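In the order they appear, the protein sequences are chains A and B.
Residue numbers for the first sequence follow the working numbering, beginning at 1 and rising by one.
Residue numbers for the second sequence follow the working numbering, beginning at 1 and rising by one.
Ideal Cβ positions, reconstructed from N, Cα and C, are used throughout, including at glycine.
None of the values given here were measured: they were computed from a predicted structure.
Number of protein chains: 2
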Amino acid sequence: MSSRSRSARRVVGITEVARHAGVSPGTVSNVLNRPERVAEATRLRVEAAIAELDYVRNSSGSSLRSGRSASVGLLVLDVTNPFFTEVARGVEDEAAESGLAVVLLNSAEARERQQRNVRLLAEQRAAGAVVMPVDDDLSDLVWLSRQGTSWVALDRGDVAEDVGCSVSVDNHAGGMAAGRHLVGLGHEQVTFLTGPFAIEQVRRRHEGLRAAFEEAGMDPDAAVRVVELPLLNPAQGERAVDKILAGGPRQRPQAVFCANDQLALGVMKGLGRRGLRVPDDMSVVGYDNVDLADLVHPGLTTVAQPKYALGRAAMRLLDSELNEAEHVHERVLFTPELVVRGSTAVYRP
Amino acid sequence: MSSRSRSARRVVGITEVARHAGVSPGTVSNVLNRPERVAEATRLRVEAAIAELDYVRNSSGSSLRSGRSASVGLLVLDVTNPFFTEVARGVEDEAAESGLAVVLLNSAEARERQQRNVRLLAEQRAAGAVVMPVDDDLSDLVWLSRQGTSWVALDRGDVAEDVGCSVSVDNHAGGMAAGRHLVGLGHEQVTFLTGPFAIEQVRRRHEGLRAAFEEAGMDPDAAVRVVELPLLNPAQGERAVDKILAGGPRQRPQAVFCANDQLALGVMKGLGRRGLRVPDDMSVVGYDNVDLADLVHPGLTTVAQPKYALGRAAMRLLDSELNEAEHVHERVLFTPELVVRGSTAVYRP
DNA sequence: CACCCCGATTGAAACGTGTCAATAACTTTC
DNA sequence: GAAAGTTATTGACACGTTTCAATCGGGGTG
C-alpha cells in the first residue's frame, strides 16, 4: 500500500460549495469577496458549506480571471546577507497588513539570476515587486513594468523618477559621518575598502568619506586610499589585509573604512591574525550595523542603516502605487546614523 | 501626464501568438511544452512570433489547467537566522536544476504565521514544500498533504514515516561530539544553554551531551546543568550569563555548551563584559557553525551542520516524491562534525 | 390592485492554458 | 495509383474564478 493518501478526496471548488449550500457559484464568490452584498442567512449557509467541505480557494483561478495575482515579489541580492534579511522582515510585516503575499526570490548577486527571477514574476503576473537591483542596468525592470508589474527599487537612490519609485539611504551622508568621526579622532591616513565601484552605493560612500576630509581642510587624495575588491564578504576582507598593510609600517593607514560590516569583520580577523590590535594599532569602521557588529570584541563602529524601516517603506510605497489610479513615482531617502563602538579610537602615533 | 505606461500594450496570450504565427493555439502550447512533437519549420515560426510579440506565459493558466503550480514553498523558521539562509541556498540551487520556482515564506517562529503560510501554499496549489516546522504539532502539514501538496520536513528527525519525508542532522551525535570534546579537555561542570525543550532538536543534543559524560564514567546529573531560555538569539545568550554565573565562583561551570551559535556568541560577549576570558576562565561551544563563528575572537568551537547539503537533499527528496508514481516516505540523516577553534581549552583549576 | 423599486441572487461569459481525439497532409509500399 | 501507415496539426473543451447584466421576489406606494 502506498503511503500517499492524497487522491482520497478531490480538492473541492467553488461550484461544489455552491451546490452544497444550494446557491449559485456567483453567490459563493460574493461571500468570499464582498460579504456585505449577500444576505445574512445565505452567507451563514455558504460559510457552513465552506467549513464542512474544507474548501480552499484556488488562486490560479482568481488571478487568471483578474489578470493579476495577489502576491508581490521581493528580489534580494543575497539571502545570506543579514542586511537583506532585516529588510525582508520589514517588507513582510507591511505586506501582511495589506493582505499581500510575499514571495522571496534570491538573485545571488548574479545578473542572470535576477533576470530569471524577473521573468518568473512576469509569468506569475505578480502585482508588484520590491527589488534590490544587482547593478546599474535596470532594463529588466523596465521590461517588467511594461508587462504590468510595478516595482520599487530598494537601496538604489539613482533611479530616475520617470522609471520607478525608490527607497534608499543617503550613502553620501553615511560615508561623511564615518569620515567626520575618523577625522575627529585625528586620523590622517585612511583606507577605503570596498566592493566594485560599479555599485553606486559604495561610490557615494566614498565621496562622502572624501568630503569629510575636505571639510576639515585636508587633501582627500592624500588622506584616502582605495582598495577595491570583487565581492563584499568576510573572506575577501580578511585577505585584503595584506593589501592594506602593503608598503610596510611606514605607510600603514591609521584606519580602515569598509563598505560593509562583513568586510569589516573579516578585516578585524585578519588584523588579529597578524598580531595587530583594534583599535590601538588600527581603527576599523563598518557599514550596515548588522546584529553581529555588537557581538564581536571590540564592538564594531559602523554606520547603521534603518533596515527594517527601509523594507516597510518600500512595501508601503508599492502598495500605494498599486492602489492609486494615477501614480507618480516617488523617491524616499533615509538618513543613516553612526554607531560608535570599540573598534575606533584616537590616533596615537 | 502619468508616469505609468503599463496600459500601453495589452499583455499577449497564447492565442495571439498562434494567430500571428498562423497556427492553432494547441500548436503553440506544444512548442512550449513538448517541442519534439512539432515540425522544425512551424516551431521556428512560432518561436519567432513569441519573440516578436514578447510573449510571456501566464502561469495562472497553466496551473489552473493542470491543477498544480510549478513552484515549491520553502517555509523557514526565521529568515534572519544564518542557518536557514544557508539551507535556503541549497534548496534554491537544487530546485533551479529541476526547473521549479522557490517561494520563500517566513514563519518567524510563530505557529500562527506558519499556519497562514501553509494555507497560502494550498491556495496556490503549490507542487510541494520544504518545511521547518515551528513545533511538534504537524497537523497543519497533514492537512497540507490532504490538499495535494507534498512536503519534506527539515531538521526534524522525529517525523513518523507514514506522515512525511524528513531530512535532518543527528542531534544526539552532535551533542555527544561536543560532550566528548569537553570531557577530553578535563571539564567536569558544564552548563547546557538551550531554547525550549519543546523543541525536539535541543532535547536530543542534551541527551547526546549527557551520554558523553556517562560514557566517561561520570554522572550526567552532577556534571550537566541546564539553563532553558525562551528564544535562541544573541541577546538572550548575553542576558543568560547571569544565570550561568549564579551561585558564585565556587559553583561556576567550567564550560558552556549552547544549543546554537547565536546564543554562544551572546554568551561570549556577556562573559567578556564581566571580565571573564574565553577560554581561560570558561570554555564555550556553539552549534551550527555559522559564518561568523570563524570571525569572532577567539574563534568559536562549534558543531557544524551541513547546511547547504541539507537544503539540497531536502529538495532532491521532494523532487523525487513529486515524480514517483508510488512514493514511500523516506528519512535522511546527516552526521554533524565538531569544528574546534579557540573558544575551548583544557580546564586548569 | 397595479406599479415601481430595491436588494438579493442567478446565469452566462471570459480569462489563458493543456489535452486528446480527430483530421489532414504526407510517405511508403505493393 | 490506391491503400496503408506515419506524422503534424487542429478544434473543442475543461479547469475555477469573477463579473455584470438580467431576473427574481417582496415590500412599499399611488
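Note on geometry: alpha-carbon atoms of A/GLY175 and A/ALA255 lie some 14 Å from one another.
Taken in chain order, the whole alpha helix (DSSP H) runs of length 4 or more contained in the segment 24 to 94 of chain A are 25 to 33, 40 to 53 and 59 to 66. Contact note: A/HIS20 does not reach chain B at a C-beta cutoff of 8 Å; the least C-beta distance is about 18 Å. The alpha-carbon of B/ALA49 is positioned some 26 Å away from that of B/SER69. For B/LYS269, the chain A residues whose C-beta falls within less than 9 Å of its own C-beta are ASP294, LEU295, VAL296, HIS297 and GLY299, listed in chain order. In the DSSP annotation of this structure, A/ASP135 is not part of any beta strand (DSSP E), being labelled neither H nor E.
For B/ALA216 and A/GLU238, the gap between their C-alpha atoms comes out near 40 Å. A/CYS258 sits close to A/THR194, with the two beta carbons spaced by under 9 Å. DSSP places A/ARG113 in the helix class (H, G or I) of the three-state scheme.
In this structure, the alpha-carbon of A/GLY270 lies about 46 Å from that of B/SER150. Exclusion of the five residues before and after B/ALA304 leaves ASP288, ASN289, PRO336, GLU337, LEU338 and VAL339 as the residues of its chain whose Cβ lies within less than 8 Å of its Cβ. Contact between the segment 88 to 95 of chain B and the segment 309 to 319 of chain B is present: 3 or more CB-CB pairs across the two stretches fall below 8 Å. Among the CB atoms of chain B, none fall inside 9 Å of the CB of A/GLN115. Judged by beta-carbon spacing, B/ALA309 lies within the 9 Å limit of B/PHE334, meaning their Cβ atoms are closer than that value. Counting along the chain, the unbroken alpha helix (DSSP H) around B/GLU321 starts and ends at 307 to 323. Chain B places a beta carbon closer than 9 Å to that of A/ASP291, counting this residue as a contact. For A/ASN260, no chain B residue has a C-beta closer than 7 Å to its own C-beta; the minimum C-beta separation is roughly 13 Å.
The closest CA to that of B/VAL56, considering only A/ARG146, A/SER71 and A/TYR347, is found on A/ARG146. In this structure, B/LEU154 is the residue among B/VAL226, B/LEU154, B/ASP281 and B/GLY13 with its C-alpha nearest to the C-alpha of B/PHE83. Linking B/ARG205 to A/HIS172 through their CA atoms gives a straight-line distance of about 48 Å. In this chain, A/ALA222 is not harboured by any beta strand (DSSP E); it is covered by the alpha helix (DSSP H) spanning 220 to 223. A distance below 9 Å separates the beta carbons of B/VAL31 and B/THR42. A Cβ of chain B is located within less than 9 Å of the beta carbon of A/VAL56. Inside the segment 129 to 199 of chain B, DSSP marks whole beta strand (DSSP E) runs of 3 or more residues at positions 150 to 154, 165 to 169 and 190 to 194, from first to last along the chain.
Taking C-beta atoms as the reference points, B/GLY61 and B/GLN124 fail to come closer than 9 Å. If you check the CB distance, A/SER107 and A/LEU75 come in under 9 Å. Under the DSSP definition of a beta bridge, A/TYR287 partners with A/VAL303. The alpha carbon of B/VAL226 has as its nearest neighbour, out of B/VAL11, B/GLN115, B/VAL159 and B/GLN189, the alpha carbon of B/GLN189.
Under a criterion of Cβ atoms nearer than 7 Å, the residues of chain A adjacent to B/GLN147 are, in order, VAL11 and VAL56. If you check the CB distance, B/GLY186 and B/VAL346 come in under 9 Å. Residue contact check for A/ASN323 against chain B: no CB pair falls below 9 Å.
Closest in alpha carbon position to A/GLY22, among A/VAL11, A/PRO35, A/ARG37 and A/LEU44, is A/LEU44. In this structure, B/VAL17 and B/VAL28 form a Cβ contact; the two beta carbons are roughly 5 Å apart against a cut-off of 8 Å.
Per DSSP, reduced to three states, the secondary structure at A/VAL278 is coil, with no helix or strand assignment. A residue is called buried once 16 or more other Cβ atoms fall within 10 Å of its Cβ, and B/ASP162, having fewer, is exposed. Residues SER107 and VAL134 of the same chain have their beta carbon placed closer than 6 Å to that of A/GLN114, with the five preceding and five following residues left out of the count.
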